[in-house]
Amino acid sequence: MGKLDWTRKEFEAYVLLYAAHCNFFESKEEQDYIFSKVDKKTFHRIHTEVVVDSDETNLDKIQQYLSENNLHQEEKEALIRDIKNVFFADGSVDVIEKNVFSILKKIIN
């Protein structure tokens, strides 16, 4: 995999869309929350990438971006909060979402 040419917002969109899509169902509430964070053009462009990429590739890209870009602790904490908000947006968190949250939390911290 080559260097990721993402902006900070594109990275954020990728992570949040991965979180929303991890159980293969994105609720309207999850999408609405992500729309509150990123513009529609970025959402749709990155959404296609998240869906086409395998689960392993999703996590590899997230790890790669984090290793290539030095996020401050506050940015990491905000991202984790946003991921949690995506999972809770529809009022319930399933087992897959809980597991993905644990994985993302480890990768980000």
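In the working numbering, the protein residues as written are 1058 to 1166.
All C-beta atoms, glycine included, are put in the ideal place defined by N, C-alpha and C.
These numbers were taken from a predicted model, which means no experiment stands behind them.
Given residue i, which residues of its chain have a CB within under 8 Å of its CB, disregarding the five upstream and five downstream residues?
i     : result
I1137 : L1161, K1162, I1165 and N1166
V1109 : none
Suppose you measure from the CA of residue i to the CA of residue j; what does that come to, to the nearest Å?
i     : j     : result
I1153 : F1082 : 11 Å
A1012 : F1100 : Any answer about residue 1012 is impossible in this case: the structure gives the chain only from 1058 up to 1166.
Q1130 : S1124 : 14 Å
R1102 : W1063 : 12 Å
L1073 : I1140 : 6 Å
For residue i, tell me which candidate among the options has the shortest Cα-Cα distance.
i     : options                : result
V1157 : A1070, S1149 and N1080 : N1080
If you drop the 5 nearest sequence neighbours on each side, which residues of the same chain put their C-beta closer than 6 Å to that of residue i?
i     : result
S1084 : D1147
DSSP on residue i, reduced to helix/strand/coil?
i     : result
K1118 : helix
H1101 : helix
H1129 : coil
Short of 7 Å in beta carbon distance, which residues of its chain neighbour residue i, apart from the five on each side in sequence? Order them along the chain.
i     : result
V1150 : F1144
E1086 : A1146 and D1147
- Decide if the region 1096-1106 is in contact with the region 1138-1150; the criterion is three or more beta carbon pairs, one per stretch, under 8 Å apart. no
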